[in-house]
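Accompanying notes for the structure given below.
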Amino acid sequence: MLNQIFPLGSAKPPAAVTIFFGANDAARLEGTGKRQHVPVEEYKDNLRKMVQRIKSGSPNALVVLITPPPIDVEGRREYARSLYGDKASETPDRTNEATGVYAKQCVTLANELGLPSVDLWSKMQETDGWQKKFLSDGLHLTPEGNAVVFSEVVKIFDKAGFSDLPYDFPSHSDIDAEHPEKAFVQHCPAV
C-alpha cells in the first residue's frame, strides 16, 4: 500500500508528511477493538517502514511523527453505552496506559531517526479536563483536540521554515470577483 500512497519518482514529491497512527493499533486484544490491534513492536516497525519509504522517494521531505492521543476509558464506556445500552461491554476496548506505550515508541523512533514528533498523548494530558475537552467519545478528537494537533504541527513547520513558503494559489483577498482568472494567471503563470 505504501507504494501506491508514496510512489517513487513523483513529479511533485511531498515537502512535508505527517504520520499519525497508533490509536487503533493500541486496541486491546481482550476488547471489542481486537481486530485493530497491532503489537507495539510491529507498530514501531510499520512507522519505520513508512518513514523509509517516504524518504527514499523524497529525501528532503520533512517527516513528522504524531503519537496517538490519550484515551479516556470512561468516555469510551459512555459512548459504548449510548450505542448498545445494556449490551455494551464493560471491558474497555482501549486503555490510556497501553496507548501511552505506543506513544512512547513513536517518540523513541522519531528520536532514533532524527525526526520531529508531536507527543499528543502527553501534551493533551497537561490540560485539566482533557478527557471531555479534547475527546468526543474517549478516542476521537473534538474540534479543540484537532486544534491542539494543528498548533503543534504548525510549530514544527514554522521551525522548519514552512511559514515562509509561497502559496500555491492566490489569496482570496487578491481575487477580483468580476475577473477571478486574472489573479490565477498572475499567481500561477503555468495555469
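In the working numbering, the protein residues as written are 157 to 347.
Backbone N, C-alpha and C fix where the C-beta goes; we use that ideal spot for every residue, glycine too.
Nonlocal neighbours in the same chain, by C-beta distance under 8 Å from residue i, ignoring five residues either side
i, result
"residue 318", "171, 172 and 218"
"residue 204", "265 and 269"
"residue 165", "213"
DSSP three-state assignment for residue i, whether helix, strand or coil
i, result
"residue 183", "coil"
"residue 176", "strand"
"residue 312", "helix"
"residue 165", "coil"
"residue 273", "strand"
For residue j and residue i, the rounded distance between their alpha carbons
i, j, result
"residue 332", "residue 281", "46 Å"
"residue 246", "residue 187", "9 Å"
"residue 311", "residue 196", "28 Å"
"residue 290", "residue 190", "24 Å"
"residue 216", "residue 330", "31 Å"
"residue 158", "residue 207", "10 Å"
"residue 267", "residue 306", "21 Å"
"residue 278", "residue 341", "46 Å"
Neighbour-count burial assignment, residue i, 16 or more Cβ in a 10 Å radius
i, result
"residue 249", "buried"
"residue 273", "buried"
"residue 181", "buried"
"residue 255", "buried"
Own chain residues within Cβ distance below 6 Å of residue i, not counting five before or after
i, result
"residue 326", "339 and 343"
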